[in-house]
Amino acid sequence: QATLFIVPTPIGNLSDITERGLEILRSVDLIAAEDTRHTGKLLNHYQIKTKTFALHDHNEQQKAEYLVSKLKSGISIALVSDAGTPLISDPGYHLVNTCRAHGVKVVPLPGPCAAVTAMSASGLPSDRFSFEGFLPSKEKARNDKITELKEETRTMIFYESPRRLQYTLDALTAIMGPERQVCVAREMTKAFESITTMPVGELAVWVAQDSNRSRGEIVLLVSGYKPTGLEIPAKVLNTLKLLNEELP
Ligand code: SAM
Numbered sequence: 004q005a006t007l008f009i010v011p012t013p014i015g016n017l018s019d020i021t022e023r024g025l026e027i028l029r030s031v032d033l034i035a036a037e038d039t040r041h042t043g044k045l046l047n048h049y050q051i052k053t054k055t056f057a058l059h060d061h062n063e064q065q066k067a068e069y070l071v072s073k074l075k076s077g078i079s080i081a082l083v084s085d086a087g088t089p090l091i092s093d094p095g096y097h098l099v100n101t102c103r104a105h106g107v108k109v110v111p112l113p114g115p116c117a118a119v120t121a122m123s124a125s126g127l128p129s130d131r132f133s134f135e136g137f138l139p140s141k142e143k144a145r146n147d148k149i150t151e152l153k154e155e156t157r158t159m160i161f162y163e164s165p166r167r168l169q170y171t172l173d174a175l176t177a178i179m180g181p182e183r184q185v186c187v188a189r190e191m192t193k194a195f196e197s198i199t200t201m202p203v204g205e206l207a208v209w210v211a212q213d214s215n216r217s218r219g220e221i222v223l224l225v226s227g228y229k230p231t232g233l234e235i236p237a238k239v240l241n242t243l244k245l246l247n248e249e250l251p
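In UniProt numbering, the protein residues as written are 4 to 251.
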C-alpha cells in the first residue's frame, strides 16, 4: 500500500535519528524535503542514495497534489524537514492533509522535536503545556500575543530567533512580571548547548551581559500563570463595567 512516512531528523547531533528512520529513508522511492541541499548532508552522512524532491512552504499546496498522485500510483514517500519533526513549525501540513483526504496511509515515526526536548530538561511544570511556535516579528503584535498569554496556566513553549531573544525577555518581564520562571534552551544536542531557567527579570539581565548567551537556535519556555485566588473573575469585572456605564 502506498504510504507517506513522516520521518523526524536530528536537531543538531547527526546521531539523533532512529534505526527505523534510516531504514525508511533508504527504502522509500522518494524523500520530500523542505530543503534538498540541507537534507543532502544527512543523506550523505548515512550514505543514503534515495532521490529527493523539494517541498517548501510557498509551493507546498500545489506540490502536495502532485505527490499524492505519485503515492496513489504506488510509490512510497518519506517526508522530512530541515531539522526535527516535520509539520512542527515546518512544512508538511498540506501534504498530510491532502493524503488523508485521499485515503493515502500516513505513518508517523517518533523522533527529535526541539520543543519537547527543551521541555524535558527545563525544570518547568511538564504535565500540561502549550506549543506557541514563533512569536510575531512585529513589536506590537508580539506584545499583544504576550499580553493574551499572560494568564495562560500551562507552560508555554516558543521557538525564538537569537536576534529577538533579548527583546522578548524584556517584554515578558514587563508584561508578565519579573518573577515568572523562564527557560532559554540553546543549541541543544550541539557543542554549545546551554539550558538556563531563572525568574525572567534576572534572565533578561543575564542574557544582556554576554552576547554568547543569545546565540544559535533557541527554545524559550515560560511557566504558566499561577492564580493567587484573589483575582476578580472576568465575568464579575464585566458586570461591574456594565453597571458603571449604566449607573448615573
Ligand atoms: N520542526 C522542528 C522541531 O521539531 O523542533 C522545528 C523547526 S523550526 C523552523 C526551527 C526552530 O526550532 C529554531 O528556530 C529554534 O527555535 C528551534 N530549534 C531547532 N533546533 C534547535 C536546537 N538544537 N536547540 C534549540 N532550539 C532549536
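Ideal Cβ placement from N, Cα and C applies to all residues, glycine included.
Only a predicted model underlies this, so the values are computations on that prediction, with no experimental measurement involved.
Return the bridge partner residues of residue i from the DSSP annotation.
i: Val185; result: Met201, Val225
i: Thr12; result: Gly87
i: Thr21; result: None; Thr21 has no bridge partner.
i: Thr55; result: Ile34
i: Lys44; result: In the DSSP output, where bridge partners are listed per residue, Lys44 has none listed.
Tell me the rounded alpha-carbon separation between residue i and residue j.
i: Thr176; j: Val225; result: 11 Å
i: Glu249; j: Gly87; result: 55 Å
i: Ile160; j: Gly232; result: 25 Å
i: Ala36; j: Ile14; result: 15 Å
i: Ile51; j: Pro181; result: 49 Å
i: Val10; j: Pro165; result: 27 Å
i: Ala118; j: Arg183; result: 19 Å
i: Ile91; j: Gly114; result: 12 Å
i: Glu116; j: Arg131; result: The sequence given here has Cys at residue 116, not Glu. Roughly 17 Å between the two C-alpha positions.
i: Thr53; j: Val83; result: 13 Å
i: Gly77; j: Val71; result: 10 Å
i: Met191; j: Val107; result: 35 Å
i: Ile235; j: Leu243; result: 10 Å
i: His61; j: Asn247; result: 50 Å
Hey, could you find the ends of the alpha helix (DSSP H) residue i is sitting in?
i: Leu245; result: 237-249
i: Ala124; result: 117-125
i: Val99; result: 96-104
i: Leu168; result: 168-179
Taking 7 Å as the cut-off, does the CB of residue i come closer than this to any heavy atom belonging to the ligand SAM?
i: Arg189; result: yes
i: Gly15; result: yes
i: Lys44; result: no
i: Cys116; result: yes
i: Tyr96; result: no
i: Lys73; result: no
i: Tyr162; result: yes
i: Ala86; result: yes
i: Val222; result: yes
i: Asp32; result: no
i: Ile91; result: yes
i: Lys193; result: yes
Quick check on the DSSP output: the beta strand (DSSP E) that includes residue i runs from which residue to which?
i: Ser133; result: 132-137
i: Lys153; result: From DSSP, Lys153 is part of no beta strand (DSSP E); its letter is neither H nor E.
i: Val71; result: Here Val71 belongs to no beta strand (DSSP E); instead the alpha helix (DSSP H) covers 63-75.
TODO: Evaluate contact between the stretch 10-28 and the stretch 61-74, counting only Cβ atoms and requiring at least three cross-stretch pairs below 8 Å.
DONE: no
TODO: Say whether the stretch 123-138 touches the stretch 187-198, bearing in mind that this needs 3 or more beta-carbon pairs closer than 8 Å, one atom from each stretch.
DONE: yes
Open item on the list: Would the stretch 204-213 count as touching the stretch 163-171 if we require 3 or more Cβ pairs under 8 Å?
Closed with: Yes: at least three Cβ pairs fall under 8 Å.
- [ ] Would you be able to state if there are at least three C-beta pairs under 8 Å between the stretch 46-65 and the stretch 136-146?
- [x] no
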